[in-house]
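Residue numbers (the working numbering), protein chains in the order written: chain L, 1244 to 1365; chain X, 1244 to 1365. Note that CB positions come from ideal geometry on N, CA and C, so glycine has one too. Each remark here refers to the structure printed beneath this line.
Protein chains: 2
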Amino acid sequence: MASNLKEGTSNAQNRQLLSAWCSVNDVLRDISPRWKMVLLHGITHGVAQFSRLKQAFPTLSDQVLGQRLAELVAEGLVEKTVVAATVPTQIHYAPTPKGRALLTIIDALQHWGEQDWSRDHP
Amino acid sequence: MASNLKEGTSNAQNRQLLSAWCSVNDVLRDISPRWKMVLLHGITHGVAQFSRLKQAFPTLSDQVLGQRLAELVAEGLVEKTVVAATVPTQIHYAPTPKGRALLTIIDALQHWGEQDWSRDHP
DNA sequence: ACAATAACTCACCCGAAAGTGAGCCTCTTC
DNA sequence: GAAGAGGCTCACTTTCGGGTGAGTTATTGT
């Protein structure tokens, strides 16, 4: 993570360009990874542990679950709390205000998606 | 496009599962492709032709531009109008009500992203 | 002694997203 | 008669997201 500086492939360049042009592109990239918003929703609604989430979404791999949780924590959308420091360390996740605010917008998106746009409107 | 039924790679399966669990996943997938929302924004603000968009985003390839425009049209976010049926066919794009409604939510997302969540709030 | 348990992490692989270059179509201009 | 204009589309290549399986940690139940 500290030694590779090439980064010239224009794929990465374009990503940076978009970030620079408008910050919304970063937000879109942050919220679109698969499972992420679903996990945020689950955590907010009480499914707040690694193993509980695993049960809730059996087809989701440990690998990706761990990664998504780490992202959510890193972006300040959920908070991680150690419940029991015993050996199988138990951990509890809870949404931050930021995370809850995001969910509101996500709800709006869902609403938008389900709306019938065939008839004209105000 | 009509003959391939295999679809067993679990990558695709999971995508379908997510769609089935919550429609918001489809929306997220639809809005997250690179350039898409930026293009929608541009079109809404008067940059409404293929070549104009090309100029506005020089690093975006024709290939992807064409594809994104087609998606936007297919999803009913923008409308395509033939301006001049002369040989270099001129075409004009304009956002639909649905497209404008989406931009509103995208704005909310941007706002959310730019907000300072470090201090507590109501 | 050995499986199970909670929460991860590592090495590997495959398909999809997105980038590049060229081609096409007909009409007008140099 | 060649080039350029406008709007695409095709073939090819690279990057990266996300999937799988196995390994790690220490303690407890059988």
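CB of residue i within 8 Å of CB of residue j, strictly
i	j	result
aspartate 1269/X	glycine 1319/L	no
lysine 1348/X	isoleucine 1348/L	Lysine is not the amino acid found at residue 1348/X; the sequence shown has isoleucine there. Against a cut-off of 8 Å, the Cβ pair of isoleucine 1348/L and isoleucine 1348/X comes out as a contact.
proline 1338/X	valine 1321/X	yes
leucine 1260/X	threonine 1329/L	no
methionine 1280/X	leucine 1352/L	no
Selection from the options that minimises the alpha carbon distance to residue i
i	options	result
alanine 1317/X	Ala1328/X, Asp1273/X, Leu1352/X and Ser1266/X	Asp1273/X
alanine 1344/L	Ala1255/X, Trp1360/X, Leu1260/X and Thr1287/X	Trp1360/X
leucine 1312/L	Arg1258/L, Thr1329/L and Val1290/L	Val1290/L
glycine 1342/X	Gln1310/X, Glu1314/X and Cys1265/X	Glu1314/X
leucine 1346/L	Thr1302/L, Ala1263/L and Ser1275/L	Ser1275/L
aspartate 1350/L	Gln1306/X, Asn1254/X, Ser1266/X and Ser1253/X	Ser1266/X
serine 1253/X	Leu1271/L, Ser1304/L and His1284/L	Ser1304/L
histidine 1288/X	Ala1255/X, Gln1256/X and Tyr1336/X	Tyr1336/X
Contact set for residue i: own chain, Cβ-Cβ below 8 Å, skip 5 residues either direction
i	result
leucine 1308/L	Trp1278, Leu1282, Phe1293, Leu1296, Lys1297 and Phe1300
isoleucine 1334/X	Gln1292, Phe1293, Lys1323, Thr1324, Val1325 and Val1326
serine 1262/X	Asn1268 and Asp1269
Same chain, Cβ closer than 6 Å to residue i, five either side skipped, listed in chain order
i	result
methionine 1244/L	At methionine 1244/L, the pLDDT of 33 sits below 50, so the modelled position is not reliable; the number obtained from the coordinates is stated separately. Same-chain partners within the cutoff: there are none.
Heavy atom of the ligand SAH within 7 Å of residue i beta-carbon
i	result
lysine 1279/L	Looking at this structure, you won't find the ligand SAH or any other ligand, since it has none at all.
Closer than 8 Å at the beta carbon, the chain L residues around residue i
i	result
glutamine 1353/X	Cys1265, Ser1266, Val1267 and Val1270
Per-residue contacts from residue i into chain L (C-beta, under 7 Å)
i	result
glycine 1285/X	Simply none; closest approach about 10 Å.
Within chain X, the residues that residue i reaches when beta carbons sit closer than 9 Å
i	result
arginine 1343/L	Under the 9 Å cutoff, chain X gives no residues; its nearest Cβ is about 11 Å from arginine 1343/L.
isoleucine 1274/L	Leu1271, Ser1275 and Leu1352
Within chain X, partners of residue i - CB distance below 8 Å
i	result
leucine 1260/L	Thr1302
Partners in chain X for residue i, counting only beta-carbon separations shorter than 7 Å
i	result
valine 1325/L	Near valine 1325/L there are no residues of chain X at all, since even the closest Cβ is about 23 Å away, more than 7 Å.
isoleucine 1349/L	Val1267
Contacts of residue i in chain L (Cβ-Cβ under 9 Å)
i	result
valine 1281/X	Leu1261, Trp1264, Cys1265, Val1267 and Asn1268
Spatial neighbours of residue i in its chain, beta-carbon cut-off 7 Å, leaving aside the 5 residues before and after
i	result
threonine 1332/L	Val1325
When Cβ atoms are compared, which residues of the region 1287-1321 of chain L fall closer than 7 Å to chain X?
Thr1302 and Gly1319
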